[in-house]
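Chemist: Sequence positions in the sequence shown follow my numbering and run 289 to 597. Below: one structure in structure tokens.
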Amino acid sequence: MKEIKVFAPATVANVVCGFDVLGFAVNEPGDEVTMRLVDEPGVRLLKITGDDARLPLDSAKNTVSASVLHYLNHLNRPDVGVEIELHKKMPIGSGLGSSSASTVAGLFAINQLMGNLLTAKELVPFAMRGEELACGYGHADNVAPALMGGFVLIRSYEPLDLIALPTPSNLFAAIVYPEVDVPTKDAREMIRAKVLLKDAVTQWGNVAGLVSGLFLNDIDLVGRSMKDVLIEPTRSILIPGFEALRVLAMDNGAVGFGISGSGPSVFALTKDEATARKITTAQQAHLTKLNINSKAYVSSVNAEGPRII
Ligand code: HSE
């Protein structure tokens, strides 16, 4: 195989209570990468579409080409020549793992072209380097679910210990992206570095509850564990109408609601698709009243991760 086109999914990081340690993949939106092997050695990013010229085309600075280069260096293959086209199909700075989707599509593509040498789990550290380039910190809660599909727990960063979690049947995500820009880097810098023990107790109870809910196929337990006393009180200030969006989600049948990743996207989990659509419709109508444009996505959980298209 000389050329490949890959789709990699958006992700909901944190899943409200699990800052930096929980995430899941969705079926839409996502990004696409076209990659071909060429004779001239080196990694070249030829073109980016759909980014309104916001992303660096410099191969050393772009997360896709930089992580592909890192992968080839690891394999000790400086002789390999690669040309890349990145097609952004999802909003940048949305809290839906935009940089992660691009990076993961690129890594999945090069790994396929090289003969599938590494597993999805083994690709995660390369993708984390891409996140470091994008926001200053190599968190894994977007890239791990984007690569592995489903829900993933990062039990530990050092050493990296990734656990694929089960996905309850009939679980839907209702995602709304209010079109205001919240760069992950800024949203990370505003968080308090120290937490109170009583808040930590609440938080780890909820993380354990959410993971138990996934294993028990108990969506209500998942929902009541979607509480964040550490990060949400600070970050929600950046999201227009956040409390109203929560009320609209819960009143329309969500099991839980919160910020997706570092925001500004918000998401709700529901037990069926119709409820998810009702929620996004109500939330978008509210944002329109606030004069804020928005995009909505309704998706089941993506179990497979990236795919060849
Ligand atoms: N865990 C990361 C954060 C996810 O909340 O900053 C960023 O998408």
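Yeah, the Cβ is synthetic: ideal placement off N, Cα and C, and Gly gets one too.
Using three-state DSSP, classify Leu345 as helix, strand or coil.
Modeler: coil
Chemist: Check the Cβ-Cβ distances between Ile372 and every residue of chain C, and say whether any is below 8 Å.
Modeler: The displayed structure is made up of one protein chain only, and chain C is not part of it.
Chemist: Could you please give the first and the last residue of the uninterrupted beta strand (DSSP E) stretch that includes Asn315?
Modeler: Leu310 to Val326
Chemist: With DSSP run on the structure shown, which of helix, strand or coil describes Ile479?
Modeler: coil
Chemist: Using 8 Å as the cut-off, can you tell me whether the segment 432-443 makes contact with the segment 512-520, which would need three or more C-beta pairs spanning the two stretches below that distance?
Modeler: no
Chemist: If I measure Cβ to Cβ from Thr455 and keep anything under 8 Å in the same chain, skipping five residues before and after, which residues do I get?
Modeler: Cβ neighbours of Thr455 beyond the five flanking positions: Phe312, Gly438, Phe439, Leu502, Val589 and Ala591.
Chemist: On the CB-based measure, 16 or more other CB atoms within 10 Å of its CB, does Ser457 come out buried or exposed?
Modeler: exposed
Chemist: Alpha carbon to alpha carbon, how far is Asp339 from Pro317?
Modeler: 14 Å
Chemist: Using 8 Å as the threshold, is the segment 341-352 in touch with the segment 547-567, meaning 3 or more CB pairs across them?
Modeler: no
Chemist: Excluding sequence positions up to five away, which residues of its chain have a Cβ less than 6 Å from the Cβ of His358?
Modeler: Phe414 and Arg417
Chemist: Which class does Tyr465 belong to by DSSP, given the choice of helix, strand or coil?
Modeler: strand
Chemist: So, at 6 Å on beta carbons, what are the nonlocal neighbours of Glu373 in its own chain, with the 5 sequence-adjacent residues on each side left out?
Modeler: If we look at Glu373 and ignore the five residues flanking it on each side, its Cβ neighbours are Thr322, Leu334 and Lys335.
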